[in-house]
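A quick write-up on the structure given underneath.
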Amino acid sequence: MKQKTPASPVWQALAGGTPVLPESVAQLQARGMDLLRLDQPREAGLAFQQVLAARPGHPDALNGLGLAFHRLGMPEQAERAFSRAVAAAPSRAIFHANHGLALMTLARPAEAAESYRKAVRHDPSPAFEVHYGMALLAAGRAQEAAQAERRAIARRPDIAEAHAYLGRALVSLDRAGEAVACFEKAVSLQPGFVDAHVWLADALAASGAPELAIDHYRAVMAQMPEHEAAHLGLADVAAAMGKHRLAADNYRAAAYLRPSAPAYAGLARALAVLGEEAGALEAARLALRLVPDNRALKEELEAVLGQPLDEAAEAREMSPMEREEAQYRMAIATTGDNPVAQAQLGGALVAMGRHAEAIGHFREALRLRPDYFRAWSEYLFSINYVGDMPVAAMVDEARRWGEAVAARIPAASRHANAPEPDRRLKVGLVSGDLRRHPVGFFLEAPLAALDRNAVELFAYSNTERPDDLTARFRQIVGNWRDTAELSDAELADRIRADGIDILIDLSGHTGRNRLLAFAEKPAPIAVTWLGYFATTGLAAIDYVLANRWVIPETEEDQWIERPWRLPDTYLCFTPPRLAVPLARPPALANGFVTFGSANNINKVNDRTAACWADVLRAVPESRLLLRSRTLGDSHVSEEVRARFARFGIAGERLVLQDAVDDYGAHLARYNDVDIALDPFPYAGGTTSAEALWMGVPVLTLRGDRYVAHMGESILHNMGMPEWIAADPADYAQKAAAFAADLPALTALRQSLRHRFLVSPLANAPAFARHLETAFRGMWQEWCRGQGKGKSG
Numbered sequence: 009m010k011q012k013t014p015a016s017p018v019w020q021a022l023a024g025g026t027p028v029l030p031e032s033v034a035q036l037q038a039r040g041m042d043l044l045r046l047d048q049p050r051e052a053g054l055a056f057q058q059v060l061a062a063r064p065g066h067p068d069a070l071n072g073l074g075l076a077f078h079r080l081g082m083p084e085q086a087e088r089a090f091s092r093a094v095a096a097a098p099s100r101a102i103f104h105a106n107h108g109l110a111l112m113t114l115a116r117p118a119e120a121a122e123s124y125r126k127a128v129r130h131d132p133s134p135a136f137e138v139h140y141g142m143a144l145l146a147a148g149r150a151q152e153a154a155q156a157e158r159r160a161i162a163r164r165p166d167i168a169e170a171h172a173y174l175g176r177a178l179v180s181l182d183r184a185g186e187a188v189a190c191f192e193k194a195v196s197l198q199p200g201f202v203d204a205h206v207w208l209a210d211a212l213a214a215s216g217a218p219e220l221a222i223d224h225y226r227a228v229m230a231q232m233p234e235h236e237a238a239h240l241g242l243a244d245v246a247a248a249m250g251k252h253r254l255a256a257d258n259y260r261a262a263a264y265l266r267p268s269a270p271a272y273a274g275l276a277r278a279l280a281v282l283g284e285e286a287g288a289l290e291a292a293r294l295a296l297r298l299v300p301d302n303r304a305l306k307e308e309l310e311a312v313l314g315q316p317l318d319e320a321a322e323a324r325e326m327s328p329m330e331r332e333e334a335q336y337r338m339a340i341a342t343t344g345d346n347p348v349a350q351a352q353l354g355g356a357l358v359a360m361g362r363h364a365e366a367i368g369h370f371r372e373a374l375r376l377r378p379d380y381f382r383a384w385s386e387y388l389f390s391i392n393y394v395g396d397m398p399v400a401a402m403v404d405e406a407r408r409w410g411e412a413v414a415a416r417i418p419a420a421s422r423h424a425n426a427p428e429p430d431r432r433l434k435v436g437l438v439s440g441d442l443r444r445h446p447v448g449f450f451l452e453a454p455l456a457a458l459d460r461n462a463v464e465l466f467a468y469s470n471t472e473r474p475d476d477l478t479a480r481f482r483q484i485v486g487n488w489r490d491t492a493e494l495s496d497a498e499l500a501d502r503i504r505a506d507g508i509d510i511l512i513d514l515s516g517h518t519g520r521n522r523l524l525a526f527a528e529k530p531a532p533i534a535v536t537w538l539g540y541f542a543t544t545g546l547a548a549i550d551y552v553l554a555n556r557w558v559i560p561e562t563e564e565d566q567w568i569e570r571p572w573r574l575p576d577t578y579l580c581f582t583p584p585r586l587a588v589p590l591a592r593p594p595a596l597a598n599g600f601v602t603f604g605s606a607n608n609i610n611k612v613n614d615r616t617a618a619c620w621a622d623v624l625r626a627v628p629e630s631r632l633l634l635r636s637r638t639l640g641d642s643h644v645s646e647e648v649r650a651r652f653a654r655f656g657i658a659g660e661r662l663v664l665q666d667a668v669d670d671y672g673a674h675l676a677r678y679n680d681v682d683i684a685l686d687p688f689p690y691a692g693g694t695t696s697a698e699a700l701w702m703g704v705p706v707l708t709l710r711g712d713r714y715v716a717h718m719g720e721s722i723l724h725n726m727g728m729p730e731w732i733a734a735d736p737a738d739y740a741q742k743a744a745a746f747a748a749d750l751p752a753l754t755a756l757r758q759s760l761r762h763r764f765l766v767s768p769l770a771n772a773p774a775f776a777r778h779l780e781t782a783f784r785g786m787w788q789e790w791c792r793g794q795g796k797g798k799s800g
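Just so we're aligned: the sequence shown equals residues 9 to 800 in my numbering.
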């Protein structure tokens, strides 16, 4: 009996020490083929290896072993196995064909063509002719490739691949017009042949039918959104047609799927035409990074950009936010009439501070679906960040939303609530932010201080990620309703069933709002407060809680709701339960002043950046520390540096930090800041309160709307009106003056926490009494309107 040959090192690794079972050669060979059919190539390879251990030159086992290696993505081993099979049985056409398959996988098309030629010589099968033609085409022998495909078609006209590769050969021979018919035949025979659709689109574009080409590219994307060649082809056609935004979106999608020089170079050209210089420059550098020796491309991109490209960008992975943007853009490129993708892209761009682009995508979503109220809310929220839209126009936009909602959702006309002026009131709170969120931080202490004999609280929580603060709210409120799974109509029914007298919206047009439930008027009185700082536009909401600073009498026309002013402050901060000590101004140790902002980076628009750049110029050697969740994303931080560079501020003067989850660590980071800068027009609320609590004074700008007055309100309540600037020039002058007086800054820093604690901003009992008075006043007005009862 022959001694068995040891398993090869590869199969020893694959087997992992599995023992060889004694079976007959025929059984093992049959078992191996069955395992291949069951798509178990590893187990099949082990069976073929056992055959070869008994019969070292067994041709079928060698061929089977090659197939197993090929399925496992091991082309070198597959090629060696097929080569041995061919040597053992040179007249077997299938062995030559399989050898050609492995050689094509190894990008050796000339050798593959020779293997397929031998296969055809032994068996002139149409399938072998098709693959022979593919190999010839890949080897640059297009004329011979076309002849091979025609032979295959003559024998069997229903092979889609033969028609498709004949078309590809004709394209290589500069006969794109003839190729169109070949590709059309291929896709008619096999509609799911995605590559043939792409090749048809390419041929249509080359033969002067770009609109038809775009239709076919889109057809491919509908089946396979991640088809890189379809995005690249569509982008090239769109660029040639002057549709540069469509081109840019598809070049970006192609680069997302597979970073390549053509994709990045095309993106650079498109963005340059669109005037997006920073993005065009980055794309050009990435293109040259991938092909550093392509002098012609370098010269062309330099001409397009109008500047030298001496250094290629470092190769890097897309950041998470870049990937998110690319995915939404790919969805839009795939289905151009997709309002959801348009709105999602708008939301991603808002998070990155690219408001003008975001607004365009929200508007496109609404053009595609006029009743897309959620996208409309996101749009209304986003325009608060920009600052260059007239307030009257913003109010008109909100009013249009409210009218559209009211037309779709008629409000209830009557309520069953007893109009008794002095009875205990049922007050409902509707929010998606009853957690560690600005709304939560300003709500906890006042709610806990409310008189339960006067007010019974109900919470309708749309909160997605509850936390320890959510748990405390549950204890404070008592009547807790988790409503995330309820529709707006179901939520309205639940509120009616609870008999709520005053319903408070704590979200406005921010995320996870339930304004559509408010539109049904499920309670006699509706109030918006705390979570949003502009009119909702909804006539079903009666009041907005404010004070004399955030809504002065001269600005009441900015509201659909009626302002109800509280005496001092419209918000009350819940002091942190953490003992985070104050520090001396860091300038004393650093030798330079550090300005800072912990606001979301999307509040730092160009007007704010320009003003803060003036501050840095007015205070030589100073630094600007920005801290925001999105600054942990490399793409966003690069864009922020580029924005300040446009205003003449070098990167070394910026300190960009990601946010931290630990609240104590978050507060302690204020000790790295000498003076906090408030953005505009979207001023800070929580960040300003936290800064003052940590002894850091806040410089703000006088505004012209609620969202721009928030800093003023806080500083007036702190007795610090001198920290309110009249205009951007005054802002920079005040910053320089305050920064120049470190002894005064040191003294102020040590006094601010005490001043905060004794101010209305932290007086929860007094604030709760003001809330109760407001609720009672609203209720008594409603009761008088019912013509029943007496005002108490």
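Ideal Cβ positions, reconstructed from N, Cα and C, are used throughout, including at glycine.
Between the CA atoms of residue j and residue i - distance to the nearest angstrom
i      : j      : result
Val394 : Val447 : 22 Å
Ile167 : Ala194 : 8 Å
Val663 : Asn679 : 14 Å
Asp430 : Asn461 : 11 Å
Trp567 : Arg573 : 13 Å
Phe90  : Tyr173 : 25 Å
Arg649 : Gly283 : 19 Å
Glu308 : His643 : 26 Å
Ala321 : Ala101 : For Ala321, the predicted model reports a pLDDT of 47, less than 50, meaning its position is unreliable; a value from the coordinates is still stated below. One C-alpha to the other measures close to 50 Å.
Gln350 : Arg432 : 47 Å
Ile161 : Ala120 : 21 Å
Pro30  : Leu70  : Because the pLDDT of Pro30 is 43, which lies under 50, any placement of that residue in the model is unreliable, and the question is left without a value.
Glu192 : Gly141 : 19 Å
Tyr264 : Phe201 : 23 Å
Glu365 : Leu357 : 7 Å
His104 : Arg88  : 12 Å
Ile340 : Met229 : 10 Å
Arg158 : Tyr387 : 57 Å
Arg116 : Gly368 : 49 Å
Three-way DSSP call (helix, strand, coil) for residue i in this model
i      : result
Leu80  : coil
Lys193 : helix
Glu119 : helix
Arg266 : coil
Thr708 : strand
Val463 : strand
Gln20  : Its pLDDT being 37, under 50, Gln20 is placed unreliably by the model, and nothing is read from it.
Arg377 : coil
Arg635 : strand
Residue i - containing alpha helix (DSSP H), residue span
i      : result
Thr602 : Not the alpha helix (DSSP H): Thr602 falls in the beta strand (DSSP E), residues 602-605.
Val663 : Element bounds for Val663: not the alpha helix (DSSP H) but the beta strand (DSSP E), 662-665.
Arg431 : Where Arg431 is concerned, there is no enclosing alpha helix (DSSP H), given that its DSSP letter is neither H nor E.
Buried versus exposed call for residue i [16 or more other C-beta atoms within 10 Å across all chains shown]
i      : result
Phe783 : buried
Gly766 : The amino acid at residue 766 is misidentified as Gly; the sequence shows Val. Burial call: exposed.
Ser99  : exposed
Ala406 : buried
Glu493 : exposed
Thr638 : buried
Glu472 : exposed
Pro6   : Beyond the ends of the chain as shown, which are 9 and 800, falls residue 6; an answer cannot be given.
Bridge-paired residues (DSSP) for residue i
i      : result
Ala554 : Arg573
Leu523 : Paired residue(s): none; Leu523 is not in a bridge.
Tyr468 : Val438, Arg489
Arg422 : Note: Arg422 sits in no beta bridge, so no partner.
Ile683 : Phe603
Ala211 : Paired residue(s): none; Ala211 is not in a bridge.
Ile732 : Thr708
heavy atom of the ligand SAM below 8 Å from residue i C-beta
i      : result
Ala621 : With respect to the ligand SAM, the structure offers nothing, as it holds no ligand at all.
First and last residue of the uninterrupted beta strand (DSSP E) at residue i
i      : result
Thr536 : 533-536
Ile512 : 510-513
Leu317 : Unbroken run through Leu317: none, as it is neither H nor E.
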